[in-house]
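Undergrad:
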Amino acid sequence: MAVSARPARAPRGSDKVKKDKAAQTSGPRQGSRMGKLLGFEWTDVSSWERLVTLLNRPTDPAGLAVFRFLFGMFPYVMLASSPLFCSPEWPRKLVAHCPKKLQELLPLRTAPQPSTSCMYKRSRARGSQKPGLRHKLSTAFTLLYLLEQLFLPYSHFLTQGYNNWTNGLYGYSWDMMVHSRSHQHVKITYRDGRTGELGYLNPGVFTQSRRWKDHADMLKQYATCLSRLLPKYNVTEPQIYFDIWVSINDRFQQRIFDPRVDIVQAAWSPFQRTPWLQPLLMDLSPWRTKLQEIKSSLDNHTEVVFIADFPGLHLENFVSEDLGNTSIQLLQGEVTVELVAEQKNQTLQEGEKMQLPAGEYHKVYTVSSSPSCYMYIYVNTTEVALEQDLAYLQELKEKVENGSETGPLPPELQPLLEGEVKGGPEPTPLVQTFLRRQQRLQEIERRRNAPFHERLVRFLLRKLFIFRRSFLMTCISLRNLAFGRPSLEQLAQEVTYANLRPFEPAGEPSPVNTDSSNPNPPEPDSHPVHSEF
4 MAVSARPARA PRGSDKVKKD KAAQTSGPRQ GSRMGKLLGF EWTDVSSWER LVTLLNRPTD
64 PAGLAVFRFL FGMFPYVMLA SSPLFCSPEW PRKLVAHCPK KLQELLPLRT APQPSTSCMY
124 KRSRARGSQK PGLRHKLSTA FTLLYLLEQL FLPYSHFLTQ GYNNWTNGLY GYSWDMMVHS
184 RSHQHVKITY RDGRTGELGY LNPGVFTQSR RWKDHADMLK QYATCLSRLL PKYNVTEPQI
244 YFDIWVSIND RFQQRIFDPR VDIVQAAWSP FQRTPWLQPL LMDLSPWRTK LQEIKSSLDN
304 HTEVVFIADF PGLHLENFVS EDLGNTSIQL LQGEVTVELV AEQKNQTLQE GEKMQLPAGE
364 YHKVYTVSSS PSCYMYIYVN TTEVALEQDL AYLQELKEKV ENGSETGPLP PELQPLLEGE
424 VKGGPEPTPL VQTFLRRQQR LQEIERRRNA PFHERLVRFL LRKLFIFRRS FLMTCISLRN
484 LAFGRPSLEQ LAQEVTYANL RPFEPAGEPS PVNTDSSNPN PPEPDSHPVH SEF
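In structure tokens form, the structure reads like this:
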């Protein structure tokens, strides 16, 4: 029995299903505002497969420009390299839309022609072209370069001298951006090798960088530089000691380098572990949760500083007169607190605390066999009183402006209404502080409400002067390497000119000394409990 072959009938709705599937794979919806603007939808970045597919669409530059990390030069380098993911013909299309006079200076619009220096698959298949020595050397160099870039982030087992609390060369470690550091205290002590005279240097003197506080190789270089400069200031055969307290990822503040070692004479090798590097107290890492709980339990006016120290070392500290209520509490280990002025000692066990007098020095000795942990709890009474006085002046100013204050203001308070000093008796320091704060707030509000073109111009000027400073500092460094360093006066003038930012208002701090690639933002001033070192 013959059966006629008839095509199978598609079920109802199958065309619609096919259309829906085609619509899902054809790109962003036509009616989507986000799709028109960026070229992709939120669903395109919800899974890895769709994200990879997104990069193959004609709209991939928009996607590449959106995913950016805001630190250092990274976003600008990535934005500049985004055209590499576009069609190779985009430069010719761009040149075609330029004026004819400009096209003469730009690359040709003609299609690329075969080059005798390149190898092509068809030529190799026919056997008419064989790779020469230059091709082999270029291939070997490219492979070696790629292997080197893959190896450097994991080369810390070889270059042990560059390791500190985090392994790897700076800038070549895969986890360099996941560590945050805060420096509580930095002290530089020098000793005259002949007379034994002691002295102290301002941290960061003779340098524009801040990285030396965290890297042993940079600290060694900085100490060598200081040893060559100090003889010009009548310090012969200088010995230099660094006492640097660092907290990494919200741990205890602890010493990163041994303060008893003369860094000028200390041994350092790029292939051997640095012997004067203090270990990170990993055993205290579980304390981080407890530290956050202690901080959250304090009021807004109470500050706390967590300290960890090694056995055999001591901390010499000065409590400022502004700190009216300062105490030290032991969390782990055993310490002896010496009050220098009173010539008294008191030993603290775990959980014990004692009051510290303001305006006096004290020393904290770690006498336990294991590292000690303690915390300073203090209240800046001067700052609290200042905030209360400023709040009173702000309230008084508002009352006078809305008419609820009927009594006349004293002459020294008249600048509160005028916003500036216009003759008459000189205002008190409190009123001057209030006026400066008001001016800063007004400037912030003015910039916040500035039109878009003004903010854009300001942004471009900032970037322009950053590149200007980088160029000038590079020229100064190359000049110094080639012809030697000039006098300190000339060098200071050149650095001041390189740091020039004429568009910044007077008195505004300039971030020129901060490295933009640094993952740690500039730190505020040290806590008053350590400000007198």
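The opening position of the sequence shown corresponds to residue 4 in the numbering used here, with each subsequent residue numbered one higher.
The beta-carbon is built from N, C-alpha and C at its ideal position, and this holds for glycine as well.
Only a predicted model underlies this, so the values are computations on that prediction, with no experimental measurement involved.
Relative to the C-alpha of A388, which candidate in G327, W279, R458, S230 has its C-alpha closest?
TA: Position 385 of the sequence shown, counting from 1, holds the residue named residue 388. Of the candidates G327, W279, R458, S230, the one whose C-alpha sits nearest the C-alpha of A388 is G327.
Undergrad: Which of helix, strand or coil does DSSP assign to G199?
TA: Translated into positions along the sequence shown, residue 199 becomes position 196. If DSSP states are grouped into helix, strand and coil, G199 belongs with coil.
Undergrad: Taking buried to mean at least 16 other C-beta atoms within 10 Å of its own C-beta, is T113 buried or exposed?
TA: Taking the first residue of the sequence shown as 1, we reach residue 113 at position 110. T113 is exposed by the Cβ-count criterion.
Undergrad: Which ranges does the alpha helix (DSSP H) cover as unbroken runs of at least 4 residues, wholly within the region 258 to 317, from first to last along the chain?
TA: Those alpha helix (DSSP H) runs which fall completely within the region 258 to 317 and span 4+ residues are 290 to 300.
Undergrad: Considering only C-alpha positions, which residue in the set E107, N166, R194, F274 is nearest to Q268?
TA: For the purposes of this step, residue 268 is identified with residue 265 of the sequence shown, where counting begins at 1. The residue with the shortest Cα to Cα distance from Q268 is R194.
Undergrad: Let's see if you can read the secondary structure: which residues bound the beta strand (DSSP E) around D246?
TA: Taking the sequence shown and counting its residues from 1, the one referred to as residue 246 is at position 243. It spans 241 to 251 - the beta strand (DSSP E) in which D246 sits, taken as one unbroken run.
Undergrad: Check the C-beta distance from S288 over to G336 and give it rounded, since I have them as a contact under 8 Å.
TA: The residue given as residue 288 occupies position 285 in the sequence shown. The residue given as residue 336 occupies position 333 in the sequence shown. Not quite, the Cβ-Cβ distance comes to about 16 Å (not below 8 Å), so this is no contact.
Undergrad: Can you give me the Cβ contacts of L433 inside the same chain, cut-off strictly under 6 Å, excluding the 5 residues immediately before and after it?
TA: Stepping through the sequence shown from its first residue, residue 433 is reached at position 430. The residues are D392.
Undergrad: When the Cα atoms are used, what is the spatial distance from L233 to P241?
TA: Position 230 of the sequence shown, counted from the first residue, corresponds to residue 233. Position 238 of the sequence shown, counted from the first residue, corresponds to residue 241. Going by the C-alpha atoms only, they are around 7 Å apart.
Undergrad: Taking DSSP as the reference, what is the three-state secondary structure of V208?
TA: Taking the first residue of the sequence shown as 1, we reach residue 208 at position 205. Coil at V208, not helix or strand.
Undergrad: Please report how far the alpha carbon of L333 lies from the alpha carbon of P278, in whole angstroms.
TA: For the purposes of this step, residue 333 is taken as the residue at position 330 of the sequence shown. For the purposes of this step, residue 278 is taken as the residue at position 275 of the sequence shown. Answer to the nearest angstrom: the Cα atoms are 29 Å apart.
Undergrad: So what does DSSP say about E341, is it helix, strand or coil?
TA: Indexing the sequence shown from 1 puts residue 341 at position 338. E341: strand per DSSP, three-state reduction.
Undergrad: In whole angstroms, what is the alpha-carbon distance linking K104 and S90?
TA: As a working note, residue 104 is residue 101 in the sequence shown. As a working note, residue 90 is residue 87 in the sequence shown. Roughly 25 Å separates the two Cα atoms.
Undergrad: Per DSSP, what kind of secondary structure is E457 in: helix, strand or coil?
TA: Here residue 457 refers to the residue found at position 454 of the sequence shown. E457: helix per DSSP, three-state reduction.
Undergrad: Answer yes or no: do I191 and F245 have a C-beta to C-beta separation smaller than 7 Å?
TA: The count along the sequence shown starts at 1 and reaches residue 191 at position 188. The count along the sequence shown starts at 1 and reaches residue 245 at position 242. Result yes, Cβ atoms of I191 and F245 sit closer than 7 Å.
Undergrad: Going by the CB atoms, is the gap between S323 and S250 shorter than 7 Å?
TA: Along the sequence shown, one-based indexing puts residue 250 at 247. Along the sequence shown, one-based indexing puts residue 323 at 320. No, the Cβ-Cβ distance between S250 and S323 is not below 7 Å.
Undergrad: Rounded to whole angstroms, what is the Cα-Cα separation between V308 and Y379?
TA: As a working mapping, residue 308 is identified with position 305 in the sequence shown. As a working mapping, residue 379 is identified with position 376 in the sequence shown. When rounded, the distance between both Cα atoms is 5 Å.
Undergrad: In angstroms with no decimal places, state the Cα-to-Cα distance between T329 and R465.
TA: Start at 1 with the first residue of the sequence shown, and residue 329 comes out as number 326. Start at 1 with the first residue of the sequence shown, and residue 465 comes out as number 462. Those two C-alpha atoms are separated by around 42 Å.
Undergrad: When you compare the CB positions of T162 and P273, do they come within less than 7 Å of one another, or not?
TA: Counted from its first residue, the sequence shown places residue 162 at position 159. Counted from its first residue, the sequence shown places residue 273 at position 270. The answer is yes: Cβ separation under 7 Å.
Undergrad: What is the DSSP secondary structure of G327, counted as helix, strand or coil?
TA: Numbered from its first residue, the sequence shown carries residue 327 at position 324. Strand, per DSSP.
Undergrad: Between the Cα of N170 and those of Q275, E390, V498, V340, spot the shortest distance and give me the residue it belongs to.
TA: Taking the sequence shown and counting its residues from 1, one reaches residue 170 at position 167. Of the listed residues, the one whose Cα sits closest to N170 is Q275.
Undergrad: Helix, strand or coil, according to DSSP, for E390 in the structure here?
TA: In the sequence shown, counting from the first residue as 1, residue 390 sits at position 387. Note: E390 maps to helix in three-state DSSP.
Undergrad: Judging by CA-CA distance, which residue of N237, K133, L222 is the nearest neighbour of N167?
TA: For the purposes of this step, residue 167 is identified with residue 164 of the sequence shown, where counting begins at 1. It is L222 whose Cα lies nearest to the Cα of N167.
Undergrad: For N348, which residues of its own chain have a beta-carbon under 6 Å away from its beta-carbon, when the five flanking residues on both sides are left out?
TA: Counting from 1 along the sequence shown, the entry for residue 348 is found at position 345. So the qualifying residues of the chain are T339, E341.
Undergrad: Between which residues of its own chain and P512 is the CB-CB distance below 7 Å, once the five residues before and five after are set aside?
TA: Position 509 of the sequence shown, counted from the start, is the residue given in the question as residue 512. With a pLDDT of only 48 at P512, under 50, the local geometry of the prediction cannot be trusted, and the value read off the model is given with reservation. For P512, where only same-chain residues beyond five positions count, there are no Cβ hits under 7 Å.
Undergrad: Determine the direct distance from the alpha carbon of L294 to that of S300, and round the result to whole angstroms.
TA: As a working mapping, residue 300 is identified with position 297 in the sequence shown. As a working mapping, residue 294 is identified with position 291 in the sequence shown. C-alpha separation (whole angstroms): 10 Å.
Undergrad: On the criterion of 16 or more Cβ atoms from any shown chain inside 10 Å, does A453 qualify as buried, or is it exposed?
TA: Residue mapping note: residue 453 aligns to position 450 of the sequence shown, counting from 1. Answer is exposed; the Cβ neighbour count stays below 16.
Undergrad: Looking only at DSSP bridge pairs, what is E319 linked to?
TA: The residue labelled residue 319 in the question sits at position 316 within the sequence shown. DSSP lists K366 as partners of E319.
Undergrad: I'd like the list of long-range same chain contacts for W271, defined as Cβ closer than 8 Å, with 5 residues on each side in sequence excluded.
TA: Your numbering for residue 271 matches position 268 in the sequence shown. Correct list, in chain order: G164, A219, D220, K223, T277.
Undergrad: Does the Cβ of H100 have 16 or more other Cβ atoms within 10 Å, making it buried, or fewer, making it exposed?
TA: Mapped onto the sequence shown, residue 100 falls at position 97. When all chains shown are included, H100 counts as exposed.
Undergrad: Please classify Q116: does DSSP put it in a helix, a strand, or coil?
TA: Position 113 of the sequence shown, counted from the first residue, corresponds to residue 116. Coil.
Undergrad: Which stretch, first to last residue, makes up the alpha helix (DSSP H) that contains V382?
TA: Locating residue 382 in the sequence shown gives position 379, where the first residue counts as 1. That residue, V382, is in no alpha helix (DSSP H); its beta strand (DSSP E) goes 375 to 383.
Undergrad: Check Y157 in the structure and name its three-state DSSP category.
TA: In the sequence shown, residue 157 corresponds to position 154, counting from 1. Three-state result, Y157: helix.
Undergrad: Pull up the DSSP beta-bridge partners for L2, would you.
TA: Nothing in the structure corresponds to residue 2, since the chain is present only between 4 and 536.
Undergrad: Comparing alpha-carbon positions, which option in L351, Q352, G362 lies nearest A344?
TA: One-based indexing of the sequence shown puts residue 344 at position 341. If we check each option's Cα against that of A344, G362 comes out closest.
Undergrad: Quick check on DSSP: helix, strand or coil for A334?
TA: Residue 334 sits at position 331 when you count from the first residue of the sequence shown. Before going on, a small fix: residue 334 reads as Leu here, not Ala. Strand at L334.
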